[in-house]
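**Q** Here you go, one structure.
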Amino acid sequence: MKNKAVTITMVIVATCVLLGAVGWVVVKQMSPKAEAKEQSIEEVLSYSVDVPELTTNLSSDDFIRISFKIQTDGKKAKEELQQRDFMVNNIIIEELSELNATDLKGKKGKELIETTIRKRVDSLMQEGSVEKVYITSMMIQ
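If you read the sequence shown in my numbering, its first letter stands for residue 274, the second for the next number, and so on.
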């Protein structure tokens with residue numbers, strides 16, 4: 274009888290340990306990954322591409338002069354983006370030609386164009402992705 278009680282106790286303890294281990298693995302797998310380490314300014318600059326100033330008409334009678342810095346997630350993405358510069362210029366001109374001067378006023382207008390361009394350019398990318406688009410200069414007349 275005593276031997277049977279020890280065996281049952283050992284089975285229960287082993288089962289609890291096994292369930293605990295499985296639970297820990299499941300929780301680790303399901304928990305969100307730690308945020309990627311923030312890039313240093315040197316990395317941001319080394320993975321960024323400058324888009325020189327473009328001038329184009331808006332949908333209103335105004336025109337815009339604007340330039341950007343596009344931040345990618347790595348060296349290969351930067352190289353690909355540099356090769357696709359004509360496509361990026363086309364996307365920027367297309368998007369701006371759909372907007373009028375009032376669409377671009379204030380912080381929300383600038384965030385709108387940055388987000389729109391980031392999404393469109395990122396959809397082109399095959400090596401890496403676009404992290405952020407920065408407006409480096411902008412003038413509407």
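Beta carbons: idealized from backbone N, C-alpha and C, even for Gly.
1. In whole angstroms, what separates the C-alpha of K301 from that of T288?
2. Once you ignore the five residues that flank P325 on each side, which residues in its own chain have a CB closer than 8 Å to its CB?
3. State buried or exposed for L292, treating a residue as buried only when at least 16 other CB atoms are found within 10 Å of its CB.
4. Give the straight-line distance between the Cα atoms of I314 and I390, rounded to the nearest whole angstrom.
5. Quick check: what's the CA-CA separation for A278 versus V286?
6. Please return the same chain residues whose Cβ sits closer than 7 Å to the Cβ of D360, not counting the five positions on each side in sequence.
7. Which whole-angstrom value describes the C-beta separation of L327 and I365, a residue pair presumed to lie in contact below a C-beta threshold of 8 Å?
8. Quick check on the burial criterion: 16 or more other C-beta atoms within 10 angstroms. Buried or exposed for I386?
9. Going straight from the alpha carbon of E311 to that of L318, what length do you get?
10. Is it the case that the Cβ atoms of S410 and A374 are separated by a distance below 9 Å?
11. Look at the alpha carbon of K381 and the alpha carbon of W297, and state the distance between them as a whole number of angstroms.
12. Would Q355 and V406 qualify as a contact pair, given that the criterion is a beta-carbon distance under 9 Å?
**A** Inspection of the coordinates gives the following:
1. Here residue 301 corresponds to residue number 28 of the sequence shown, with the count starting at 1. Here residue 288 corresponds to residue number 15 of the sequence shown, with the count starting at 1. Roughly 20 Å separates the two Cα atoms.
2. Reading the sequence shown from its first residue, position 52 is the one you call residue 325. For P325, same chain residues with a beta-carbon under 8 Å away, outside a window of 5 residues either side, are S340 in chain order.
3. For this step, residue 292 is matched to residue 19 along the sequence shown. Exposed is the call here.
4. In the sequence shown, counting from the first residue as 1, residue 314 sits at position 41. In the sequence shown, counting from the first residue as 1, residue 390 sits at position 117. Distance between the alpha carbons of I314 and I390 is about 22 Å.
5. Here the question's residue 278 lines up with position 5 in the sequence shown. Here the question's residue 286 lines up with position 13 in the sequence shown. Distance between the alpha carbons of A278 and V286 is about 12 Å.
6. Position 87 of the sequence shown, counted from the first residue, corresponds to residue 360. Here residue 360 turns out to be Met, not Asp, going by the sequence shown. The answer, listed in chain order, is L397.
7. Position 54 of the sequence shown holds residue 327. Position 92 of the sequence shown holds residue 365. At roughly 6 Å, the Cβ-Cβ gap stays under 8 Å, so L327 and I365 are in contact.
8. Reading the sequence shown from its first residue, position 113 is the one you call residue 386. The residue is buried, with at least 16 neighbouring Cβ atoms inside 10 Å.
9. Stepping through the sequence shown from its first residue, residue 311 is reached at position 38. Stepping through the sequence shown from its first residue, residue 318 is reached at position 45. About 13 Å.
10. Translated into positions along the sequence shown, residue 410 becomes position 137. Translated into positions along the sequence shown, residue 374 becomes position 101. No. Outside cutoff.
11. Here residue 381 is taken as the residue at index 108 of the sequence shown, counted from 1. Here residue 297 is taken as the residue at index 24 of the sequence shown, counted from 1. Using only the alpha carbons, I get a separation of about 44 Å.
12. Your numbering for residue 355 matches position 82 in the sequence shown. Your numbering for residue 406 matches position 133 in the sequence shown. The Cβ atoms of Q355 and V406 lie no closer than 9 Å to each other.
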